[in-house]
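Have a look at the structure below before the remarks.
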Amino acid sequence: MAEPLCDLVLDRVFRKARTFNSFTDRPVDEATLRALHELWKWGPTSTNQQPLRVVWCVSDAAKSTLAALCAPGNAKKVLDAPVSAVLGMETNFVHYLPRVFPHTDARGWYGDNRRLIEESAFRNSSLQAAYFIIAARLLGLDTNPMSGFDEEKVNEAFFAGTTSRVNFITTLGYGDPATLYPRGPRLEFEETNLIR
């Protein structure tokens, strides 16, 4: 039986981890983005569907395009971060199922039920995006996941000609602790849990 990980890991991923609005000037290179993918790709999804799609906005041009489609407060965050990422969901993930779930014909479980497919893509890309955030923290990075953007225009700008759609966006880098607000409280076990 596996033993719990040490407090250092638990603190970095959850207990002391923060959402950063501002980052230091330290760059995030492509090798780090690839290392991040090599971690989050292993998180489990229903029928191993892996619907998360990521567009990395690294160049000034890409960040400017994304920022122009965000609410004003988010636009500044996108422009100032070393990297911004558009986290999307592949709505045609069933195409990949023979490759990623080869031991049975899982496509038949979804059929042509677009509602089921899109709900599953949303649910499982959200799950993978959570793995993305945890993987970033394990690699010493910080994030700021955000809504507050024009969904239709983000899809046009970053997913045109594909069957992917945006779920949410995040900034990525090495957080500047001098810009943190006091940590918000969390709800207690009795408020959020029910044992039956």
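Anchor point for the sequence shown: position 112 equals 148 in my numbering, and the numbering is continuous, going up by one each time.
A virtual CB, placed ideally from N, CA and C, is assigned to each residue, including glycine.
Coil, strand or helix - Thr207 by DSSP: The answer is strand: DSSP assigns Thr207 an E or B state.
Excluding five sequence neighbours on each side, which residues of the same chain lie with their C-beta closer than 6 angstroms to the C-beta of Ile170? The answer, listed in chain order, is Val49.
What residue range is occupied by the uninterrupted alpha helix (DSSP H) comprising Ala121? That residue, Ala121, is in no alpha helix (DSSP H); its beta strand (DSSP E) goes Val119 to Glu126.
Answer with yes or no whether the minimum CB distance from Gln86 to chain B is below 7 angstroms. Among the chains in the structure shown there is no chain B, since it carries only a single protein chain.
On the premise that Val122 lies in contact with Phe168, defined as a C-beta separation below 8 angstroms, what is that separation, rounded to the nearest angstrom? Taking a contact as a CB-CB distance under 8 angstroms, the pair Phe168 and Val122 does not count as one, their CB atoms being some 12 angstroms apart.
For the pair the segment 175 to 190 and the segment 64 to 76, tell me if three or more CB-CB distances fall below 8 angstroms. The segment 175 to 190 vs the segment 64 to 76: in contact.
Apply the 10 Å Cβ neighbour rule to Asn128 and answer buried if 16 or more other Cβ atoms are within range, or exposed otherwise. Classification for Asn128: exposed.
According to the Cβ coordinates, are Ala207 and Asn180 closer than 7 angstroms? Strictly speaking, residue 207 in this sequence is Thr, with Ala absent from that position. Closer than 7 angstroms, so yes.
Residue range of the beta strand (DSSP E) that Asn180 falls in? Asn180 -> beta strand (DSSP E) spans Asp178 to Met182.
Roughly how many angstroms separate the alpha carbons of Val114 and Gln85, rounded to a whole number? Each residue's Cα considered, the two are about 29 angstroms apart.
Which class does Val130 belong to by DSSP, given the choice of helix, strand or coil? DSSP places Val130 in helix when its eight states are reduced to three.
How about Ser161 and Asn203: are their beta carbons less than 7 angstroms apart? Yes. Within cutoff.
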